[in-house]
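S.K.:
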Amino acid sequence: MTGIGFYQLGDWIPLCIQPHNGTYAPTLPDASPTAKIVDSTGTLVETINLPIVDRYGAATALFMHRRFLDATYSVGKYMIFYAWATGSGAYAGSEVQQFEIVAGGNVFGSHFGMYWNETPSAGYVISAMDGGYLFHNRNPH
Amino acid sequence: MATLQTGRSPYFPPCFVRSAKHELFVLNGIDSPQRWNGLTASSQNMGIIAPTTACTIAGSGSGSITGTYTAYVRFLDAENIPSSLSPISNEITVASKGQIDYTSVPVSTNSRVTQRQIWRNTTGQSTTYYLDTTIADNVTTTATGTKTDTQLEASTELPLLNADGSINAERFTYYPVWKTFIATLHDRYWVAGDFTYTLGSVQVTNGSATVTGVGAAFTSSFIDRIFYVVGDTASYTISAVNVGAQTLTLSTTYAGTTNLFAMYAVKVHKDERNKVYFSAAGEPESVPSVYNFKIQEIDDGDEITGLMPLGTYLFVLMRRHIFRVSFTIDPKDDVGSHLVVSRGCVNNRCWVRVEDIAYMLDRDGVHRFQGGHNGGKSDHISEPIQDYFRDNKINWRASKWFFGSQNPQEEVVRFHVALGGEYLPRSALCYHYRHNAWWVEHYSWQMGGYCLAQIQDTLRCIIGGQHFRVFLHGVGTLDGPTNVAPGDTVRATADSATLLSITDADAVFPASGVVGSPLAIVSGRGKGQIRQIVAATSTRLTIKNPWSILPDSTSVYQIGGIQWRVKSALFRLGNATSDNEHEADVNYSRRIILNVQPTPTTASVDVRQYLNHADAPRTDLVAQDEGTGVVTTEGESDAVMSITGSTATDIATGRAYETFSGYRHMAFNSKGTDPRFSDNWLAAELRGVQGRDRVIIYELGIAGVDGGG
Numbered sequence: 010m011t012g013i014g015f016y017q018l019g020d021w022i023p024l025c026i027q028p029h030n031g032t033y034a035p036t037l038p039d040a041s042p043t044a045k046i047v048d049s050t051g052t053l054v055e056t057i058n059l060p061i062v063d064r065y066g067a068a069t070a071l072f073m074h075r076r077f078l079d080a081t082y083s084v085g086k087y088m089i090f091y092a093w094a095t096g097s098g099a100y101a102g103s104e105v106q107q108f109e110i111v112a113g114g115n116v117f118g119s120h121f122g123m124y125w126n127e128t129p130s131a132g133y134v135i136s137a138m139d140g141g142y143l144f145h146n147r148n149p150h
Numbered sequence: 010m011a012t013l014q015t016g017r018s019p020y021f022p023p024c025f026v027r028s029a030k031h032e033l034f035v036l037n038g039i040d041s042p043q044r045w046n047g048l049t050a051s052s053q054n055m056g057i058i059a060p061t062t063a064c065t066i067a068g069s070g071s072g073s074i075t076g077t078y079t080a081y082v083r084f085l086d087a088e089n090i091p092s093s094l095s096p097i098s099n100e101i102t103v104a105s106k107g108q109i110d111y112t113s114v115p116v117s118t119n120s121r122v123t124q125r126q127i128w129r130n131t132t133g134q135s136t137t138y139y140l141d142t143t144i145a146d147n148v149t150t151t152a153t154g155t156k157t158d159t160q161l162e163a164s165t166e167l168p169l170l171n172a173d174g175s176i177n178a179e180r181f182t183y184y185p186v187w188k189t190f191i192a193t194l195h196d197r198y199w200v201a202g203d204f205t206y207t208l209g210s211v212q213v214t215n216g217s218a219t220v221t222g223v224g225a226a227f228t229s230s231f232i233d234r235i236f237y238v239v240g241d242t243a244s245y246t247i248s249a250v251n252v253g254a255q256t257l258t259l260s261t262t263y264a265g266t267t268n269l270f271a272m273y274a275v276k277v278h279k280d281e282r283n284k285v286y287f288s289a290a291g292e293p294e295s296v297p298s299v300y301n302f303k304i305q306e307i308d309d310g311d312e313i314t315g316l317m318p319l320g321t322y323l324f325v326l327m328r329r330h331i332f333r334v335s336f337t338i339d340p341k342d343d344v345g346s347h348l349v350v351s352r353g354c355v356n357n358r359c360w361v362r363v364e365d366i367a368y369m370l371d372r373d374g375v376h377r378f379q380g381g382h383n384g385g386k387s388d389h390i391s392e393p394i395q396d397y398f399r400d401n402k403i404n405w406r407a408s409k410w411f412f413g414s415q416n417p418q419e420e421v422v423r424f425h426v427a428l429g430g431e432y433l434p435r436s437a438l439c440y441h442y443r444h445n446a447w448w449v450e451h452y453s454w455q456m457g458g459y460c461l462a463q464i465q466d467t468l469r470c471i472i473g474g475q476h477f478r479v480f481l482h483g484v485g486t487l488d489g490p491t492n493v494a495p496g497d498t499v500r501a502t503a504d505s506a507t508l509l510s511i512t513d514a515d516a517v518f519p520a521s522g523v524v525g526s527p528l529a530i531v532s533g534r535g536k537g538q539i540r541q542i543v544a545a546t547s548t549r550l551t552i553k554n555p556w557s558i559l560p561d562s563t564s565v566y567q568i569g570g571i572q573w574r575v576k577s578a579l580f581r582l583g584n585a586t587s588d589n590e591h592e593a594d595v596n597y598s599r600r601i602i603l604n605v606q607p608t609p610t611t612a613s614v615d616v617r618q619y620l621n622h623a624d625a626p627r628t629d630l631v632a633q634d635e636g637t638g639v640v641t642t643e644g645e646s647d648a649v650m651s652i653t654g655s656t657a658t659d660i661a662t663g664r665a666y667e668t669f670s671g672y673r674h675m676a677f678n679s680k681g682t683d684p685r686f687s688d689n690w691l692a693a694e695l696r697g698v699q700g701r702d703r704v705i706i707y708e709l710g711i712a713g714v715d716g717g718g
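As given, the protein sequences belong to chains C and U, one line each in that order. According to the working numbering, the first sequence holds residues 10 to 150 in order. According to the working numbering, the second sequence holds residues 10 to 718 in order.
1. Can you grab the Cα-Cα spacing for the pair U/Gln-43 / U/Ser-335, in whole Å?
2. Helix, strand or coil for U/Tyr-273, going by three-state DSSP, please let me know.
3. Which residues, in order along the stretch 66-84 of chain C, keep a beta-carbon less than 7 Å from a beta-carbon of chain U?
4. Does C/Glu-55 come out as helix, strand or coil in the three-state DSSP assignment?
5. List the residues of chain A whose Cβ lies closer than 9 Å to the Cβ of C/Ala-112, in chain order.
6. C/Thr-11 bridges to which residues according to DSSP?
7. Taking any Cβ of chain U, which residues in the stretch 51-64 of chain C have a Cβ under 9 Å from it, in chain order?
8. Alpha carbon to alpha carbon, what distance is there between U/Arg-627 and U/Lys-303?
9. So for U/Trp-410, helix, strand or coil by DSSP?
10. Sorted by chain position, which residues of the same chain lie with C-beta nearer than 7 Å to C/Asp-39's C-beta, five sequence neighbours on each side aside?
11. Which of the three DSSP states, helix, strand or coil, is assigned to U/Asp-343?
12. Kindly list the residues whose CB is nearer than 6 Å to the CB of U/Asn-596, restricted to its own chain and excluding five residues on each side of it in sequence; keep chain order.
13. For the pair the stretch 204-219 of chain U and the stretch 345-355 of chain U, tell me if three or more CB-CB distances fall below 8 Å.
14. Report yes if the C-beta distance between U/Ile-109 and U/Arg-129 is below 8 Å; otherwise report no.
15. Kindly identify the DSSP beta-bridge partner or partners of U/Asp-110.
16. State buried or exposed for U/Tyr-3, treating a residue as buried only when at least 16 other CB atoms are found within 10 Å of its CB.
17. What do you reckon, are the CB atoms on U/Arg-549 and U/Ser-510 nearer than 8 Å?
18. Please determine if the stretch 539-546 of chain U and the stretch 107-126 of chain C are in contact, where contact requires at least 3 C-beta pairs separated by less than 8 Å.
19. Specify, as a first and last residue, the run of the beta strand (DSSP E) that U/Ala-694 falls within.
20. Assuming U/Val-614 and U/Leu-630 form a contact by the criterion Cβ under 8 Å, report the distance between their Cβ atoms to the nearest whole angstrom.
21. Between the alpha carbons of U/Asp-373 and U/Phe-398, how many angstroms are there, rounded?
22. Taking Cβ positions only, does U/Pro-433 come closer than 8 Å to chain C?
23. From which residue to which residue does the beta strand (DSSP E) around U/Glu-708 run?
24. In terms of residue numbering, what span does the beta strand (DSSP E) encompassing U/Arg-469 cover?
25. For U/Pro-318, which of helix, strand or coil comes out of DSSP?
26. According to DSSP, is U/Thr-61 helix, strand or coil?
27. Taking 8 Å as the limit between beta carbons, can you name the residues of its chain near U/Gln-395, skipping five residues before and five after?
28. How would you label U/Asp-343, buried or exposed, when you count the other beta carbons within 10 angstroms and need 16 or more for buried?
29. Strictly by DSSP, which residues pair up with U/Thr-641?
30. Check distances from the C-beta atoms of the stretch 402-435 of chain U to those of chain C and list, in chain order, the residues that come in under 8 Å.
31. For the beta strand (DSSP E) containing U/Gln-455, name the first residue and the last one.
32. Excluding sequence positions up to five away, which residues of its chain have a Cβ less than 7 Å from the Cβ of U/Pro-297?
33. Return the residues of the stretch 464-492 of chain U that lie within a Cβ-Cβ distance of less than 7 Å from chain C, sorted by chain order.
34. Taking only the alpha-carbon atoms, compute the straight-line gap between U/Tyr-263 and U/Ala-225 and give it to the nearest angstrom.
35. Kindly provide the ranges of any beta strand (DSSP E) runs that are 3 or more residues long and lie completely inside the stretch 516-556 of chain U, ordered along the chain.
36. If you count every other CB in all the chains shown that lies within 10 Å of the CB of U/Ala-254, and 16 or more means buried, which is it?
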């Protein structure tokens, strides 16, 4: 089992796997590999199908997805169970990783846009967050 | 804080503009363009979609209405912003009727719509329609009009076309929902730009029109965009999107090879790519399909990266070119665009306007752009930090997240960029536009946006960071706890450390703000490392990511701290003409001189020497501490210059080399080595982590260089 580190709510966690066959050679699976994320009580949080990464053709069967740590998650430890099959089901592969969410994050995520909007009655800082939110904050001081 | 919208795509940063009526508009090319009037609890979709069905009309009763009539319906919001017209109704010919009955009046699904208007022509003409009646809700499907032709002509009129034949009644639509940038100039709103969407991968099947996305996050805005599969020459129009199932329906079946793991791209139609749309005057939401012009195609495939109003012109920014847009009376009739310079801008957030000059970041560096009546002029200004561009230190794959900022108090422009494999910027290329000085700053947090906000009657630079943090630029020096009492421990020597913590039994950490702050090792073992604090007890700080070099009891830590770095240009060192070593020393004494502001609390500056064009600093320093405030350690690259104004060897006492307060220098390679035949070139680098006091360096001097010193 591999630990992929500490994260905080509002971070993006990389789910990355390179499926292999029975001889551990990287191999395209029969279908997109899945990542089942399970919390410390053993409860399944979600299952994610992973897309392939092949921008430069440098790696065989490299799959990765960035998952935003939103309110689905909370502070604690999680396990990721990857699963795939190759050779029309002849080989069933699996791998386990773990990560921990530590305190101090925020489910709104990171700012990726800001704007100052001044109206006759008030001034607003507009915040665009990578958690998918658009906020206004009135009259900063 | 209040939420304007949720569920927005994080794929592309938004573009904002404010209207003269204080409305806010937000575009990103994926989500529906948004409008917020500063009053409603949430933002609304920009533009009101016109009714798609017609009403039915008939005459009834007896009276004075005689003629042949048709009617249109349009939607309006509470601020009387209308939609374009519905399809035309059935035509009726009536005589001596008392009223016109409208039935099947369309209702909008848009909650913004609060009223509807019904427009009717007068007999004998159908080019101008008149307001017959208004339905003050978005529910009722019937209405009655009682106006005769004379009364209609006295009512509000709505010509279908303008005198020049251009559209009028149908201009109330926001057509280019896929555009990513918006700007305003001369009471018009200009929109342009698009992007290539490649998130995740897809499963395509030969002979099937269904494409299944994996990790793709398709949205309904992809309808009518063009779908490409890497390795296939064909392109397909997307006719439908199932957001829940994450499938696309293509307008024709996929003719390529079945592929479970296909890379793909979604783009707008090629005809749209260099097209700029504009609004009707004073109507930001009236951007019909016919109000557009195209920027000249550049044979290098350049594409629009932003829009910038500067002076009296709008400039269309591309990666490697800038076009000036101008019109005399009405852009519908006389808009023109002209290439002005062959420099560009990496994205719409990487231009910063200061006093009618724009500072821009492109792949070649930073340039200063001046518009003007004669076209435009661009000067390359980033030569002192050109190694960042030349040596691929900048992660251009993350360039859509880069942004520029301005701090008017400091008179500094910053370009926030990602280095290495980072996603959001964590570093800034900084330019003092009065002194033409460059330096680079590194931050402990990622930063993703900026604005100049009016705070207590002053324009202040606000930076948005990760975990919903907001920073007021130039306030405080630590980027750490904000309420630090005099006795609180912010900087001290650690007792011990583990991979994920340090311990200091004597510490009195600030009461709040420690968790989430950076923890920097500023001296001793592990110097230069910065981690984020995720937990704190009275004596122990726990960090998010493990130390690369484990600190020990020699390590000085600091809670909070802004890393900074300045590197000089390359200087040629003077050559001795005498064989007399002493004379050579006198004439070509090599020294690095700092003129700094002494700090009340402990602070230091690290000086590194880059000799003879080397990429790395020299590491052959010898251990030396002559009590002058400059300490070197054998085998290390940093000469540590104290700039503290309160210690025995302080910078204010004027000991050793110092000649006045705030003056510190170090000698290098001036004795024991023949300067004629050894190091001939030098660039000096200053670096450090700012502590409780602001580090202010007035001057960096290098003595012993050719032509001066």
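Every residue gets a Cβ at the ideal spot worked out from N, C-alpha and C, and that includes glycine. Nothing here was measured: the structure is a model prediction, and the numbers come from that model.
M.R.: According to the data block:
1. Answer to the nearest angstrom: the Cα atoms are 27 Å apart.
2. Looking at U/Tyr-273 - three-state DSSP - the assignment turns out to be strand.
3. Per Cβ criterion, the list reads His-74.
4. In the structure shown, C/Glu-55 sits in a strand (DSSP, three-state: E or B).
5. You won't find chain A in this structure, because its protein chains are C and U.
6. DSSP, once it has assigned bridges, lists C/Gln-106 as partnering C/Thr-11.
7. Residues are counted here when their Cβ sits less than 9 Å from a Cβ of chain U; for the stretch 51-64 of chain C these are Ile-57, Asn-58, Leu-59, Pro-60, Ile-61, Val-62, Asp-63, Arg-64, given in chain order.
8. One C-alpha to the other measures close to 54 Å.
9. The three-state secondary structure of U/Trp-410, taken from DSSP, is helix.
10. Only residues of its own chain outside the window of five on either side were considered, and among them Ala-94, Thr-95, Ser-97, Gly-98 have a CB closer than 7 Å to the CB of C/Asp-39, listed in chain order.
11. Of the three classes helix, strand and coil, the one that applies to U/Asp-343 here is helix, per DSSP.
12. For U/Asn-596, the predicted model reports a pLDDT of 47, less than 50, meaning its position is unreliable and no value from the coordinates is stated.
13. Contact fails: fewer than three Cβ-Cβ distances are below 8 Å.
14. Against a cut-off of 8 Å, the Cβ pair of U/Arg-129 and U/Ile-109 comes out as a contact.
15. Per DSSP, U/Ala-67, U/Thr-153.
16. Since the first residue shown for chain U is 10 and the last is 718, residue 3 of chain U is missing from the structure and cannot be characterised.
17. Contact flag set, yes.
18. Judged by Cβ distances under 8 Å, the stretch 539-546 of chain U makes contact with the stretch 107-126 of chain C, as three or more pairs qualify.
19. At residue 694 of chain U the sequence reads Glu, which differs from the Ala that was named. The continuous beta strand (DSSP E) containing U/Glu-694 extends over residues 690-699.
20. The Cβ separation is near 15 Å, so there is no contact.
21. Roughly 6 Å separates the two Cα atoms.
22. Residue 433 of chain U is actually Leu in this sequence, not Pro. Taking CB atoms only, U/Leu-433 has a neighbour in chain C less than 8 Å away.
23. Run containing U/Glu-708: 706-712, per the beta strand (DSSP E) assignment.
24. For U/Arg-469, the enclosing beta strand (DSSP E) stretches over residues 467-474.
25. DSSP places U/Pro-318 in strand when its eight states are reduced to three.
26. In the three-state reduction of the DSSP assignment, U/Thr-61 falls in the coil class.
27. Correct list, in chain order: Gly-374.
28. So U/Asp-343 ends up on the exposed side.
29. Beta bridge pairing from DSSP links U/Thr-641 with U/Gln-633, U/Ala-648.
30. Interface annotation for the stretch 402-435 of chain U against chain C: Trp-410, Tyr-432, Leu-433, criterion Cβ-Cβ distance under 8 Å.
31. Here U/Gln-455 belongs to no beta strand (DSSP E), and DSSP marks it neither H nor E.
32. Taken in chain order, the residues that qualify are Ile-176, Glu-179, Arg-180, Thr-182, Tyr-184.
33. Within the stretch 464-492 of chain U, the qualifying residues are Ile-464, Gln-465, Ile-471, Gly-473, Gly-474, Gln-475, His-476, Phe-477.
34. One C-alpha to the other measures close to 18 Å.
35. As for any beta strand (DSSP E) of minimum length 3 sitting wholly inside the stretch 516-556 of chain U, the runs are 527-532, 539-545, 549-552, ordered along the chain.
36. Sixteen is the threshold: since fewer than 16 other Cβ atoms of the shown chains lie within 10 Å of the Cβ of U/Ala-254, the residue is exposed.
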